[in-house]
Amino acid sequence: MSELKISERQAGDVTILDLEGKITIGEGSVALRTAVRRLLSEGKKKILLNLAEVSYIDSSGIGELVSSFTTVSKEGGSLKLLNLTQKVQDLLAITKLLTVFDTYDNEEEALASF
Numbered sequence: 029m030s031e032l033k034i035s036e037r038q039a040g041d042v043t044i045l046d047l048e049g050k051i052t053i054g055e056g057s058v059a060l061r062t063a064v065r066r067l068l069s070e071g072k073k074k075i076l077l078n079l080a081e082v083s084y085i086d087s088s089g090i091g092e093l094v095s096s097f098t099t100v101s102k103e104g105g106s107l108k109l110l111n112l113t114q115k116v117q118d119l120l121a122i123t124k125l126l127t128v129f130d131t132y133d134n135e136e137e138a139l140a141s142f
C-alpha cells in the first residue's frame, strides 16, 4: 500500500498541499489530518489541497477531507480542492460532497478565489 506523500508550498498567503498517493484509513488520512492541523496551529488558514496525484480515496479518506474542511472552517479559514482526478470527482459527486467543497481545475483560479 503506497503511503500518502504531502509536499507543501506557499503562494502568497495560501498554503498549497500537493498530495500524492492514496488517502485511506490509517496512515493516509492521519498524514492529511496532521498536516492540516499543523498549518492551523501555525496560523495558516488558507489551504488548497492539490489532488492531481491522488490515485484513490476510501471512505476514511473522504471522512478526513470533510473533517479537515470542518476544522479549518471553525478556525475561520477556508479549505479548497484543486485538480480532482475523474475518480475522485465521481466519488465526491456520488457522496454529494461536490456541493460542500470549492473545487478548481486551475491553480490560478483557485488562488484568486481566496
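Residues in the sequence shown are numbered from 29 upward in steps of one, following my numbering.
Positions of the beta carbon are idealized from the N, C-alpha and C atoms, including for glycine.
No experiment lies behind these values; they were computed from the predicted model shown.
Would you call residue i buried or exposed, if buried means 16 or more other Cβ atoms sit within 10 Å of its Cβ?
i: Ala63; result: buried
i: Ile122; result: exposed
i: Lys115; result: exposed
i: Glu137; result: exposed
i: Gly104; result: exposed
i: Asp133; result: exposed
Which one or two residues does DSSP pair with residue i in a beta bridge?
i: Leu47; result: Ile34
i: Val42; result: Ala39
i: Thr131; result: Leu109
i: Lys74; result: Ser106
What does a CB cutoff of less than 7 Å around residue i pick up in its chain, not counting 5 residues either side in sequence?
i: Ser96; result: Leu60, Arg61, Val64 and Leu107
i: Gly89; result: Ile51, Thr52, Gly56 and Ser57
i: Ala39; result: Leu139
i: Glu135; result: Leu110
i: Glu162; result: Lying outside 29 to 142, the shown extent of the chain, residue 162 is not represented and no answer is given.
i: Ile75; result: Thr43, Leu45, Val64, Leu67, Val100, Gly105 and Leu107
i: Asp86; result: Thr52 and Ile53
i: Asp118; result: none
If you drop the 5 nearest sequence neighbours on each side, which residues of the same chain put their C-beta closer than 6 Å to that of residue i?
i: Arg37; result: Ile44
i: Met29; result: Interpretation of Met29 is limited by its pLDDT of 46, a score under 50 that renders its predicted location unreliable; no figure is taken from the coordinates.
i: Gly71; result: none
i: Ser35; result: Asp46
i: Leu112; result: Leu79 and Thr131
i: Leu120; result: Leu126
i: Tyr84; result: Lys50
Since residue i contacts residue j with CB under 8 Å, what's their CB separation in whole angstroms?
i: Asn78; j: Leu47; result: 6 Å
With a floor of 4 residues, list each alpha helix (DSSP H) that falls wholly inside the region 78 to 110, ordered by position along the chain. 87 to 102
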